[in-house]
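Enquirer: Protein chains in written order, with our numbering: chain A, 47 to 315; chain B, 47 to 315. Please read through the structure below; I'll follow up with questions.
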């Protein structure tokens with residue numbers, strides 16, 4: 047998907063909401079456990095109920111890998127369902143991959159070709175030749191970890207490297223990578239005040255912002271410091287939406303939570 | 047597996063060789079393509095021919111993910127085969143994962159429980175709470191990326207952070223993580239001279255050393271600077287061994303290459 051199609055969706059739906067599909071079999075409504083593929087049944091219901099309120103969906107790959115082949119099947123069915131039924135949605139494989147060149151190429155094939163995601167999250171630690179194989183795919187997006195929402199972000203990401211924090215070094219350095227126009231970045235909502243300086247380095251790039259809701263980040267602060275003319279933000283909420291209820295009407299309850307966020311977002315559009 | 051069992055194997059086999067199973071369907075002998083699962087057939091033949099020469103096997107997860115569900119099935123069959131037929135072998139899921147706490151727990155379950163690997167490689171960028179969920183598993187090992195063998199390692203890993211290169215900061219900081227005795231580290235053979243300073247920080251930890259062979263690293267240099275009393279090294283070779291030949295006798299040819307390395311290693315034991 048081209049970035050301009052994503053921007054069109056944002057304007058059309060007055061939403062820059064990304065719904066995280068971190069699906070834990072122990073947390074989904076018990077009546078779904080009778081289904082052949084409870085995880086897919088859950089995802090399908092959530093997507094059908096919320097697709098008009100969100101512009102992006104982000105399966106968290108760990109939650110599928112943890113169930114082995116069965117989990118991989120649920121993931122495949124989920125991404126295929128989105129791509130067939132709602133091709134306007136932007137899809138993110140939250141995989142946080144990154145390896146030497148030929149291995150990164152294999153990961154890129156896995157997520158961009160075999161599964162046909164629009165984007166994948168990537169860890170920057172191994173540098174240029176671990177990131178560029180992803181950037182080589184046309185109309186696919188590489189979402190590089192910059193400043194994450196967790197406590198451990200302070201271990202290395204905020205440490206000073208040649209006069210700037212490591213996460214800023216990552217932003218600066220990545221701009222020199224080949225096909226860097228295909229880059230987006232992860233910046234956690236729990237560190238929204240850092241967004242001002244981040245926007246000095248990457249004024250236009252889209253940011254995937256986790257941490258609103260369950261992790262305590264504020265939508266207002268993220269918009270205040272991070273919003274661009276084209277919004278430039280995808281605000282992710284996972285647990286706060288998908289686990290709104292364990293009852294039979296869980297999907298409607300999830301839609302209710304998504305609508306609350308979408309309406310807050312509409313004020314910025 | 048406990049570390050002492052790994053050390054016993056090293057002494058018994060006079061080898062600290064790890065064979066990387068980076069299996070690309072385009073590179074395996076063509077007669078295998080008639081098999082139901084060519085990737086597993088290839089791995090099985092390689093493992094049967096080399097198990098007495100190596101102490102560890104390292105499937106590179108990207109190469110399996112790239113083939114989707116089929117790839118995941120080949121991976122599962124491979125690890126199950128090793129665990130059933132050669133339980134003395136140390137197994138490494140070369141996955142380079144790392145995410146916020148609850149997600150890292152799901153990745154740990156995927157590799158330590160569902161697939162039953164002895165260890166998994168992890169990227170350190172997200173810090174403490176992304177690594178500790180892996181360390182919580184008893185008799186499982188977390189192999190943290192420190193200094194990788196690729197060119198991009200110079201983008202961030204060698205940059206100065208509070209007076210030391212980032213990779214040294216990673217080593218130092220990780221020592222304070224809970225259950226840090228379950229840590230091993232990746233240090234690329236292409237940067238063997240750095241091993242002297244690395245050993246000042248982590249004198250006893252096992253190192254997984256890729257980059258000997260195809261990437262140009264030297265076994266002698268790695269041993270000179272990195273060897274401990276218990277060896278403390280797992281030297282990985284992938285392409286140099288597994289793609290030694292595309293003929294029907296590919297497994298014997300692979301064993302020949304593995305034996306060359308094992309005999310060089312025997313001199314250090």
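Beta carbons are placed, not taken as given, at the ideal position from N, Cα and C, and that holds for glycine.
1) Cutting at 6 Å between CB atoms, please list the residues of its own chain near residue 284 of chain B, excluding the five before and the five after it.
2) Along chain A, which residues have their Cβ under 8 Å away from the Cβ of residue 196 of chain B?
3) Report yes if the CB atom of residue 257 of chain A is closer than 7 Å to the CB atom of residue 235 of chain A, and no otherwise.
4) In the DSSP assignment, find the beta strand (DSSP E) that holds residue 66 of chain B and state where it starts and stops.
5) Under a Cβ-count criterion, where at least 16 other Cβ atoms within 10 Å of its own Cβ denotes burial, should residue 185 of chain A be classed as buried or exposed?
6) Would you tell me roughly how many angstroms separate the C-alpha atoms of residue 91 of chain B and residue 205 of chain A, rounded to the nearest one?
7) Suppose the cutoff is 6 Å on Cβ atoms and the five residues either side in sequence are ignored; what does the same chain contact list for residue 211 of chain B look like?
8) Tell me the DSSP secondary structure of residue 148 of chain A in three-state form.
9) For residue 115 of chain A, go through chain B and note every residue whose CB falls closer than 8 Å to its CB, in chain order.
10) On the criterion of 16 or more Cβ atoms from any shown chain inside 10 Å, does residue 61 of chain B qualify as buried, or is it exposed?
11) Taking 7 Å as the threshold (C-beta atoms), are residue 196 of chain A and residue 146 of chain B in contact?
12) Tell me the DSSP secondary structure of residue 133 of chain B in three-state form.
13) For the putative contact between residue 280 of chain B and residue 254 of chain B, defined by C-beta atoms under 8 Å, what is the C-beta separation to the nearest angstrom?
14) Could you tell me whether the Cβ of residue 205 of chain A comes closer than 7 Å to any Cβ of chain B?
15) Skipping 5 residues on each side, what residues in its chain have a beta carbon closer than 7 Å to that of residue 154 of chain B?
16) Using a Cβ-Cβ cutoff of 8 Å, what residues of the stretch 96-113 of chain B are near chain A? List them in chain order.
17) For residue 164 of chain B, tell me which candidate among B/133, B/222 and B/311 has the shortest Cα-Cα distance.
18) Could you check the C-alpha separation between residue 226 of chain B and residue 96 of chain A for me, to the nearest Å?
19) Scan the stretch 79-111 of chain B and note each continuous alpha helix (DSSP H) run of 4 residues or more that stays entirely inside, going in chain order.
20) Quick check on residue 191 of chain A - is its C-beta less than 7 Å from some C-beta in chain B?
21) Compare the Cα-Cα distances from residue 108 of chain B to each of B/121, B/288 and B/264 and report the closest residue.
22) For residue 82 of chain B, return the contacting residues in chain A, with the cut-off set at a CB-CB distance below 9 Å.
23) In chain order, which alpha helix (DSSP H) runs of at least 4 residues are fully inside the stretch 254-283 of chain B?
24) Where do the N-terminal and C-terminal ends of the beta strand (DSSP E) with residue 167 of chain A fall, by residue?
25) Measuring CB atoms only, is the stretch 47-55 of chain B touching the stretch 82-91 of chain B, in the sense that at least three cross pairs come out at less than 8 Å?
26) Could you confirm whether any beta carbon from chain A is found closer than 7 Å to the beta carbon of residue 169 of chain B?
27) In chain order, what residues of the stretch 214-247 of chain A put their CB closer than 8 Å to some CB of chain B?
Expert: Here's the rundown:
1) For residue 284 of chain B, where only same-chain residues beyond five positions count, the Cβ hits under 6 Å are 66 and 68.
2) Taking a Cβ-Cβ threshold of 8 Å, the residues of chain A close to residue 196 of chain B are 146, 147, 172, 173, 175 and 176, in chain order.
3) Cβ distance < 7 Å, so residue 257 of chain A and residue 235 of chain A count as in contact.
4) Residue 66 of chain B: member of the beta strand (DSSP E) spanning 63-67, first to last residue.
5) In this structure residue 185 of chain A is exposed. Its beta-carbon is surrounded by fewer than 16 other beta-carbon atoms within 10 angstroms.
6) So the two alpha carbons sit approximately 47 Å from each other.
7) For residue 211 of chain B, where only same-chain residues beyond five positions count, the Cβ hits under 6 Å are 204.
8) When secondary structure is reduced to three states using DSSP, residue 148 of chain A falls in the helix class.
9) When 8 Å is used as the limit between beta carbons, residue 115 of chain A is near these residues of chain B: 115, 118, 119 and 122, in chain order.
10) Taking all protein chains in view, the Cβ of residue 61 of chain B is crowded by 16 or more other Cβ atoms within 10 Å, so the residue is classified as buried.
11) A distance below 7 Å separates the beta carbons of residue 146 of chain B and residue 196 of chain A.
12) Of the three classes helix, strand and coil, the one that applies to residue 133 of chain B here is coil, per DSSP.
13) That pair is a contact at about 5 Å.
14) Judged by the 7 Å Cβ criterion, residue 205 of chain A is in contact with chain B.
15) So the qualifying residues of the chain are 179, 180 and 183.
16) Correct list: 106, 108, 109, 111, 112 and 113.
17) Cα-wise, what sits closest to residue 164 of chain B is B/133.
18) Taking the straight line joining both Cα atoms gives about 43 Å.
19) Segments of the alpha helix (DSSP H) lying fully in the stretch 79-111 of chain B: 84-96 and 107-111.
20) At least one chain B Cβ lies under 7 Å of residue 191 of chain A.
21) Comparing Cα-Cα distances from residue 108 of chain B to each of B/121, B/288 and B/264, the minimum goes to B/121.
22) Within chain A, no residue comes near residue 82 of chain B; the closest Cβ sits about 15 Å away, beyond 9 Å.
23) If we require 4 residues or more, the alpha helix (DSSP H) runs fully inside the stretch 254-283 of chain B come out as 265-272.
24) Segment 165-168, the beta strand (DSSP E) holding residue 167 of chain A.
25) No: fewer than three Cβ pairs fall under 8 Å.
26) Closer than 7 Å to the CB of residue 169 of chain B there is at least one CB belonging to chain A.
27) Under the 8 Å Cβ criterion, the stretch 214-247 of chain A contributes 215, 216 and 219.
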